[in-house]
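Notes follow the structure.
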Amino acid sequence: MTTLSRRGFIGTSGLVVAAAGAVSGRTAFAAVPEAPTMAEATTQAPLVPTTGPDYQPVATLNGWTLPWRMNGDWKEFHLVAEPVVREFAPGMKGYLWGYNGQSPGPTIEAVEGDKVRIYVTNRLPESTAVHWHGQRLPNGMDGVGGLTQPHIPPGKTFVYEFQLRRSGTYMYHPHSDEMVQMAMGMMGFFVVHPRDPAFRRVDRDFVFLLNAFDIEPGSYVPRVAEMTEFNMWCWNSRVFPGIDPLVVGK
Ligand SMILES: [Cu+2]
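Residue numbers (the working numbering): 4 to 253.
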């Protein structure tokens with residue numbers, strides 16, 4: 004655990020090359036990848052793969068895909084947990100918590116077998132951690148704050164590293180004050196494409212995350228203490244060649 008916390012945590016103030024060695028001995032590139040942010044709550048164009056195996060990129064309805072960079076054979080992402088404002092309808096805004104400017108957070112997209120390094124910076128007013136729901140990974144990367152890792156305090160960055168063992172539609176969400184943080188909107192998709200592009204090839208691929216918020220008329224903040232039975236619904240709609248759209252609820 005000591006080794007993990009020393010290796011996992013870095014300060015966010017000193018985002019300089021010199022910090023790279025403290026992150027991981029394998030990190031030869033500049034310290035921390037850029038953290039893209041999204042101001043729009045509308046559907047953004049899918050990100051066509053520019054490296055590695057080919058795949059049909061997924062379109063996140065009313066959402067977007069998190070850009071990444073390659074660092075050696077690691078695919079690097081940077082998530083920022085932070086307060087966001089989401090406009091549900093014109094003039095109707097919710098003060099939520101999310102990732103990189105939006106709630107839900109951006110879709111993370113990669114390929115089975117990829118090695119991913121995901122920097123998570125906490126800009127919330129309380130600790131957080133990210134659980135990679137459904138992924139098979141080392142226990143120390145499972146993102147359960149206080150159990151498999153120390154909580155990530157405000158202002159700090161934790162680095163997750165693991166290899167993607169199987170394809171599928173997954174999600175990420177906090178395991179740190181989770182009833183509050185998920186009710187506040189912290190969740191996002193994690194889509195892992197099959198390594199073999201011919202395996203269940205699709206023509207078009209969509210994900211759609213539905214979430215219900217209890218927000219009093221005239222106010223902005225979800226009533227998280229009342230939202231004890233909230234549910235989120237994740238949909239992945241895959242359009243196979245020559246076949247009607249298949250909708251799979253998760
Ligand atoms: Cu989960």
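Where a beta carbon is used, it is the ideal one built from N, C-alpha and C, also for glycine. The structure displayed is predicted, hence computed values, not measured ones.
Asked                                                                                                              : Found
Of the residues Leu-212, Ser-240, Val-183 and Gly-191, the one placed nearest Val-224, counting alpha carbons only : Val-183
Backbone CA spacing between Ala-44 and Glu-90 [nearest angstrom]                                                   : 7 Å
Option in Val-242, Gly-221, Ala-201 and Ala-215 with minimal Cα separation from Glu-229                            : Ala-215
Reduced DSSP secondary structure (H/G/I, E/B, other) of Glu-112                                                    : strand
Assigned exposure category for Glu-37 - 16 Cβ within 10 Å defines buried                                           : exposed
Ligand 1 site residues, beta-carbon cut 7 Å against heavy atoms                                                    : His-134, His-136, Met-174 and His-176
Contact check, Ala-132 vs Gly-148, beta carbons under 8 Å                                                          : yes
Simplified DSSP state of Val-205, which is helix, strand or coil                                                   : coil
DSSP-derived helix/strand/coil call for Met-174                                                                    : strand
Whether Met-41 touches Gln-105 by CB criterion (8 Å)                                                               : yes
Pair within 8 Å by beta-carbon distance, Ile-111 and Tyr-175                                                       : yes
Span of the beta strand (DSSP E) around Val-183                                                                    : First-last for Val-183: 181-186, but that is the alpha helix (DSSP H), not the beta strand (DSSP E).
Distance, Val-195 Cα to Leu-64 Cα                                                                                  : 17 Å
Integer-rounded CB distance, given that Pro-107 should sit under 8 Å from Gly-188                                  : 7 Å
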